[in-house]
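A.B. asks: To start, I am sharing the structure in question, which I have written as structure tokens.
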Amino acid sequence: MSNNPPPPSGPGRPKDLAKRQAILDAAKNLFLSLGYASTSMDAVATEAGVSKLTVYSHFNDKETLFSAAVIAKCEEQVPPLFFEWADGVPIEHVLLNIARGFNQLINSDESVNLHRLMVALGSQDPKLSTIFYEAGPQRMLSGMERLLSKVNQSGALSIDKPRNAAEHFFCLIKGAANFRLLYGCDGPQDAEAAEAHVQEVVGLFMRAYRP
Numbered sequence: 001m002s003n004n005p006p007p008p009s010g011p012g013r014p015k016d017l018a019k020r021q022a023i024l025d026a027a028k029n030l031f032l033s034l035g036y037a038s039t040s041m042d043a044v045a046t047e048a049g050v051s052k053l054t055v056y057s058h059f060n061d062k063e064t065l066f067s068a069a070v071i072a073k074c075e076e077q078v079p080p081l082f083f084e085w086a087d088g089v090p091i092e093h094v095l096l097n098i099a100r101g102f103n104q105l106i107n108s109d110e111s112v113n114l115h116r117l118m119v120a121l122g123s124q125d126p127k128l129s130t131i132f133y134e135a136g137p138q139r140m141l142s143g144m145e146r147l148l149s150k151v152n153q154s155g156a157l158s159i160d161k162p163r164n165a166a167e168h169f170f171c172l173i174k175g176a177a178n179f180r181l182l183y184g185c186d187g188p189q190d191a192e193a194a195e196a197h198v199q200e201v202v203g204l205f206m207r208a209y210r211p
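Just so we're aligned, residue 1 is where the sequence shown starts under the UniProt record's numbering, counting upward by one.
Written as structure tokens, this is what we have:
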């Protein structure tokens with residue numbers, strides 16, 4: 001008689017995780033190419049190569065799927081782990097990692113197209129805009145706010161308003177280059193320019209909040 005444990009079951013199985021990822025990838029592609037209103041759960045199922053029932057087993061409705069797709073895109077470039085601060089690590093290193101990930105995220109083709117889509121839909125469907133904001137910018141700001149609160153408590157930097165500081169940090173990273181990219185006036189930064197921008201912003205931030 002074998003003593004091997006039974007195979008795992010439930011939504012955490014590798015096969016199920018692979019299907020979930022395929023659904024999210026298909027959703028991101030279709031939302032950006034067809035728009036939110038024209039993307040159906042049937043179309044996502046076909047694009048992902050799964051049944052419609054499988055899509056609904058992972059995501060209750062299209063709004064939930066849209067929110068999950070936005071979260072997935074953000075976490076590709078700025079995983080929640082980026083907002084952790086390990087003992088002995090200079091806070092400047094943590095901020096640089098966050099800045100690099102965020103800079104890559106906002107200047108990616110997917111992010112630029114998604115922002116353009118949300119601007120177009122904002123006046124038509126405020127609820128969808130709220131879903132996007134809570135899944136993307138809000139989650140990032142909350143993670144950064146928690147990190148900066150710890151930094152302030154440690155005395156490494158003096159940040160009496162962590163929420164405001166988090167907003168300042170991300171706005172500085174976006175900068176004018178991202179606006180030009182969104183408007184189609186300029187192409188994405190090359191690697192050297194992107195790194196110089198990130199280094200400059202983190203340097204400004206450190207000097208602004210140094211005790």
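By construction, the Cβ of each residue, glycine as well, lies at the ideal position given by its N, Cα and C atoms.
1) Can you look up Gly155 in the DSSP assignment and give me helix, strand or coil?
2) Given Ala165, which residues of its chain have a CB within under 7 Å of its CB, disregarding the five upstream and five downstream residues?
3) The alpha helix (DSSP H) spanning Asp42 covers which residue range?
4) Just the Cα atoms here: how many angstroms apart are Ser108 and Cys74?
5) Can you say whether Val119 is buried or exposed, counting buried as having 16 or more other CB atoms within 10 angstroms of its CB?
6) Report the three-state DSSP secondary structure of Asp190 (helix, strand or coil).
7) Is it true that the stretch 199-208 meets the stretch 94-106, where meeting means three or more beta-carbon pairs spaced less than 8 Å apart?
8) Only counting the same chain, and skipping five residues up and downstream in sequence, which positions put a Cβ closer than 7 Å to that of Asn136?
9) Can you name, in chain order, every residue of its own chain whose Cβ lies under 7 Å from the Cβ of Phe169, other than the five neighbours on each side?
10) Taking C-beta to C-beta, are Val50 and Ala27 nearer than 7 Å?
11) Can you list, in chain order, the residues of its chain with a C-beta nearer than 8 Å to that of Ala22? Leave out the 5 residues immediately preceding and following it.
12) By DSSP, does Cys185 sit in helix, in strand, or in coil?
13) Between which two residues does the alpha helix (DSSP H) carrying Lys127 extend?
14) Could you name the residues of the same chain whose beta carbon sits closer than 7 Å to that of Ile106, not counting the 5 residues immediately before and after it, in chain order?
15) Confirm, please, whether the CB-CB distance from Trp85 to Val94 is below 7 Å.
16) For Glu110, which three-state DSSP category applies?
17) How many Å lie between Leu128 and Glu110 at the Cα?
18) Apply the 10 Å Cβ neighbour rule to Tyr183 and answer buried if 16 or more other Cβ atoms are within range, or exposed otherwise.
19) Tell me whether Asn60 is buried or exposed, calling it buried when 16 or more other Cβ atoms sit within 10 Å of its Cβ.
20) So residue 212 packs on Leu32, CB below 8 Å; how close in whole Å?
21) Quick one: using the 10 Å Cβ neighbour count with 16 as the cut-off for buried, is Pro90 buried or exposed?
C.D. replies: The answer reads as follows:
1) coil
2) Leu148, Ile159 and Tyr209
3) Met41 to Ala48
4) 11 Å
5) exposed
6) coil
7) yes
8) A small fix is needed here, since residue 136 is Gly in this sequence, not Asn. Cβ within range, chain order: Val70 and Cys74.
9) Met144 and Phe205
10) no
11) Ala48, Gly49 and Val50
12) coil
13) Pro126 to Ala135
14) Lys174 and Asn178
15) yes
16) helix
17) 17 Å
18) exposed
19) exposed
20) The requested residue 212 is not part of the displayed model; the chain covers only 1 to 211.
21) exposed
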